[in-house]
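Numbering (UniProt numbering), first residue to last: 1 to 184. Think of the CB as a built atom: it goes at the ideal place given N, C-alpha and C, for glycine as much as any other residue. Here the structure is a predicted model, which is why all the values come from computation and not from measurement.
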């Protein structure tokens with residue numbers, strides 16, 4: 001093949017690739033809305049933006065309902081046993097199967113709602129979901145991490161800091177692709 005044909009083919013491939021990257025079809029594949037019947041139901045019940053719930057599920061388990069972390073967090077929203085037990089008691093649930101998508105999403109939405117009531121701001125809620133609400137409270141009281149006691153300018157847990165950025169990035173993409181869906 002001569003150099004002119006290679007150049008034309010290269011330009012075509014680059015343009016086609018650029019079009020694909022901007023395609024909503026590709027974006028929807030990368031940022032799916034699996035389990036939408038449960039996400040819609042429980043985000044509404046617990047007054048959450050659906051896109052936050054999808055963003056957390058994508059970050060936590062990549063929509064794998066049988067996921068188990070090294071710390072024994074389980075299911076789509078990676079619920080710890082202590083959170084499962086607390087939520088089951090508050091919601092009066094019996095015989096909780098944490099790997100059941102509906103149950104897991106219900107408990108995850110309940111917990112996110114609790115964190116919103118406690119902290120009120122997305123960054124803090126996400127940090128608490130991953131790093132624990134007790135840690136977030138300590139960080140807010142520490143001038144090294146919070147200048148005003150209301151916002152974190154630094155998160156000392158590297159994994160939690162990365163997690164917050166990942167969820168916020170997911171959220172930005174979900175809002176861009178699907179539009180904002182709810183409060184928060």
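Beta bridge counterpart(s) of residue 177 as assigned by DSSP: Locating residue 177 in the chain shown gives position 177, where the first residue counts as 1. Looking at the DSSP assignment, residue 177 forms no beta bridge with any residue, so it has no partner.
According to DSSP, residues forming a beta bridge with residue 82: The residue given as residue 82 occupies position 82 in the chain shown. BP columns for residue 82 are empty, so no partner.
Residues bridged to residue 74 [DSSP beta-bridge criterion]: If you number the chain shown from 1, residue 74 lands on position 74. Answer by DSSP bridge pairing, in chain order: 68 and 79.
Which of helix, strand or coil DSSP assigns to residue 150: Here residue 150 refers to the residue found at position 150 of the chain shown. It is coil, neither helix nor strand.
Of the listed residues 62, 111, 59 and 55, nearest to residue 81 (C-alpha basis): Within the chain shown, residue 81 is the residue found at index 81, counting from 1. The candidate whose alpha carbon is nearest that of residue 81 is 111.
Simplified DSSP assignment, three categories, for residue 131: Numbered from its first residue, the chain shown carries residue 131 at position 131. In the structure shown, residue 131 sits in a helix (DSSP, three-state: H, G or I).
Burial state of residue 51 (16 or more Cβ within 10 Å): On the chain shown, position 51 is the one that residue 51 refers to. It counts as buried.
Residue 40, enclosing alpha helix (DSSP H) - first and last residue: Numbered from 1 along the chain shown, position 40 holds the residue referred to as residue 40. It spans 36-45 - the alpha helix (DSSP H) in which residue 40 sits, taken as one unbroken run.
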